[in-house]
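What follows is the structure, given as structure tokens:
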């Protein structure tokens with residue numbers, strides 16, 4: 111067994127290295143996000159540099175969630191390469207401590223890193239992203255800015271009067287308020303009854319409430335309105351599930367969201383996949399650590415070559431891409447989300463363990 115002193119030393123080295131990577135990447139992502147926000151939002155009336163900085167700070171935890179696996183990979187590689195260059199691994203091995211023993215504290219650090227992401231960063235990221243999106247949406251609703259949104263919601267509502275096609279350019283979190291909404295109402299004979307464009311649309315007391323819009327009818331001039339109510343059987347809970355991005359929901363709320371979505375007949379594969387991917391994150395980071403160990407443990411008198419480091423980064427990147435692709439199958443319902451979350455991670459762990467066994471023990 112690794113002594114407590116040595117294990118604490120290795121864990122401390124890994125923690126310091128991880129913190130340095132976190133700080134450096136946070137600063138880089140913050141500058142990129144602030145620059146992008148300045149480009150997109152500078153034309154809004156309420157935008158200022160201070161508010162732009164605040165928006166970027168709120169959004170950074172959400173962006174960082176996508177980068178944590180690479181931070182774990184780089185931290186493990188940097189820690190092991192540093193120990194190698196300072197001949198510390200040579201000394202550790204000379205006193206009879208095996209690779210598995212001195213890798214254990216580093217893997218423990220990766221596990222604790224993943225656990226802190228789940229318990230602290232994930233809820234903070236969900237709250238910060240929702241807050242920043244609401245602030246931006248409120249700015250856009252008070253301006254003539256045309257939003258660029260890749261998640262444009264379109265869905266159909268069926269009533270006794272006919273079919274209504276509903277769309278919007280922007281959705282307020284948690285998802286039951288639409289901005290720049292469009293309602294196309296059809297008669298029972300499938301002909302268009304009217305076309306409604308509203309600045310805001312939300313569900314209140316079993317009705318869609320449309321505010322500040324224009325009504326278009328065939329053969330009549332456009333008619334402005336302050337408020338129109340349209341009956342609906344759609345429940346707020348269903349709309350939230352239909353329009354919400356799973357990554358904007360804290361992990362502890364996902365089981366309830368999945369249950370609500372299934373109760374309304376809505377496929378919850380995307381929510382289920384995200385929940386299992388979050389649960390599997392600590393193991394995912396351990397897999398990244400083992401991949402880093404496969405290219406960082408070999409002693410080289412004059413330090414690791416750049417090719418060795420690039421090989422480790424390439425292997426980690428390939429593993430990450432495979433993990434994302436398998437998760438896409440889970441989201442689409444082609445395989446159970448729990449298998450899509452765990453199979454790539456377990457395969458990577460077995461690969462790392464097998465490679466290290468072959469190298470260290472023959």
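Residue numbers (our numbering): 111 to 472. Quick reminder that beta carbons are idealized off the backbone N, C-alpha and C, glycines included.
Going by DSSP, what residues sit across from residue i in a beta bridge?
| i | result |
| --- | --- |
| residue 323 | 308 and 335 |
| residue 277 | 264 and 292 |
| residue 341 | 317 |
| residue 426 | DSSP output for residue 426 lists no bridge partner at all. |
| residue 302 | 296 |
Find the nearest neighbour of residue i within the set the options, judged by alpha-carbon distance.
| i | options | result |
| --- | --- | --- |
| residue 328 | 341, 390, 303 and 131 | 303 |
| residue 400 | 225, 467, 340 and 371 | 467 |
| residue 439 | 239, 305, 336 and 382 | 382 |
| residue 307 | 391, 330, 279 and 299 | 279 |
| residue 184 | 152, 205, 139 and 124 | 124 |
| residue 226 | 128, 288, 190 and 273 | 128 |
| residue 337 | 224, 172 and 318 | 318 |
| residue 405 | 182, 419, 150 and 171 | 419 |
| residue 176 | 464, 407, 452 and 391 | 391 |
| residue 386 | 403, 360 and 402 | 360 |
For residue i, report the span of its beta strand (DSSP E) as first-last.
| i | result |
| --- | --- |
| residue 288 | 287–296 |
| residue 268 | 264–269 |
Assign residue i to buried or exposed, taking buried as 16 or more other Cβ atoms, counted over all protein chains shown, within 10 Å of its Cβ.
| i | result |
| --- | --- |
| residue 460 | exposed |
| residue 200 | exposed |
| residue 243 | buried |
| residue 256 | Note that residue 256 scores a pLDDT of 40, beneath 50, so its modelled location is shaky and nothing firm can be said. |
| residue 343 | exposed |
| residue 333 | exposed |
| residue 394 | buried |
| residue 114 | exposed |
| residue 316 | exposed |
| residue 430 | buried |
| residue 424 | exposed |
| residue 339 | exposed |
| residue 437 | buried |
| residue 335 | exposed |
| residue 232 | buried |
| residue 133 | exposed |
| residue 196 | exposed |
| residue 137 | exposed |
| residue 142 | exposed |
For residue i, report the span of its alpha helix (DSSP H) as first-last.
| i | result |
| --- | --- |
| residue 406 | 391–406 |
| residue 116 | 114–151 |
| residue 194 | 178–195 |
| residue 220 | 209–226 |
| residue 159 | 159–174 |
| residue 198 | 198–204 |
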